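K.L.:
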Amino acid sequence: MDGVLTGVVIAGTAQLVNLVDVGPGVAVGSVLLLGASGLPGAVGPMAAAAVLAPADLGEHAMLGDTGAHGLGAALGVALARRCGRPGGRFVGRSSGRTGRVALAAGLVASASNGERISSVARRASGVLRRAAGVAGAPGR
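Structure representation (structure tokens):
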């Protein structure tokens, strides 16, 4: 059971990052934001996202499905490890199997509402790009 839950968390996080990859910088930004929440083990995915951010935001490179899934899976490993520790804390005091069940359920729900997630990400990306003054942002 634990292996299945861990797999769902990793695959679900990969899918979530792919769903929000609707424009330049959105996927790397989401990985940086989620990782910056103090998640141990997220240093690797955050470092990769930080390295990729300038090229992605500047539209010199594109993550695509493979890059977004890779970043998301790496972040999912950190999430699964954090939820799997006895006494580990993530989302309040959830830990162990209970934490992974809750996280897996949320990720499955986000995947089943993929169009809504992508739509929200599309709207948010325009706002964030305008705020950051990035070329190609709507209204610039």
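In this text, residue positions in the sequence shown follow the working numbering: the first is 2, and each later residue adds one. Glycine residues also receive a C-beta, built at the ideal position from the N, C-alpha and C atoms. Since the structure is predicted, the reported quantities are computational estimates derived from the model, not experimental observations.
1. Can you grab the Cα-Cα spacing for the pair Gly45 / Leu33, in whole Å?
2. Let me know if Asp57 comes out buried or exposed under the rule of 16 or more other beta-carbons within 10 Å of its beta-carbon.
3. Quick test of your reading: Ala15 and His61, contact by CB under 8 angstroms. State the CB separation rounded to the nearest angstrom.
4. For Gly36, is the classification buried or exposed, using 16 other Cβ atoms within 10 angstroms of its Cβ as the cut-off for buried?
5. Can you tell me the Cα-Cα spacing of Asp3 and Arg98, whole angstroms?
6. Between which residues of its own chain and Asp66 is the CB-CB distance below 7 angstroms, once the five residues before and five after are set aside?
7. Just checking my contact of Val17 with Leu104 at CB under 8 angstroms: how many whole Å lie between their CB atoms?
8. With DSSP as the reference, label Asp66 as helix, strand or coil.
P.N.:
Taking the definition as stated:
1. Your numbering for residue 45 matches position 44 in the sequence shown. Your numbering for residue 33 matches position 32 in the sequence shown. Distance between the alpha carbons of Gly45 and Leu33 is about 11 angstroms.
2. Within the sequence shown, the letter at position 56 stands for residue 57. By the neighbour-count definition (other C-beta atoms within 10 Å, threshold 16), Asp57 is a buried residue.
3. Sequence index remark: in the sequence shown, residue 15 carries index 14 (1-based). Sequence index remark: in the sequence shown, residue 61 carries index 60 (1-based). Wrong, their Cβ atoms sit about 24 angstroms apart, outside the cutoff.
4. Taking the first residue of the sequence shown as 1, we reach residue 36 at position 35. Looking at its Cβ environment, which holds 16 or more other Cβ atoms inside 10 Å, Gly36 is buried.
5. Counting from one through the sequence shown, the residue named residue 3 turns up at place 2. Counting from one through the sequence shown, the residue named residue 98 turns up at place 97. Roughly 7 angstroms between the two C-alpha positions.
6. Taking the sequence shown and counting its residues from 1, one reaches residue 66 at position 65. Excluding the 5 residues flanking it on each side, Asp66 has same chain C-beta neighbours closer than 7 angstroms at Asn19, in chain order.
7. Residue numbering aside, residue 17 sits at position 16 when the sequence shown is read from its first letter. Residue numbering aside, residue 104 sits at position 103 when the sequence shown is read from its first letter. Residue identity differs from the one stated: residue 17 is Leu in this sequence, not Val. In this structure, Leu17 and Leu104 do not form a Cβ contact; the two beta carbons are roughly 11 angstroms apart against a cut-off of 8 angstroms.
8. Translated into the one-based positions of the sequence shown, residue 66 becomes position 65. Three-state DSSP puts Asp66 in a helix.
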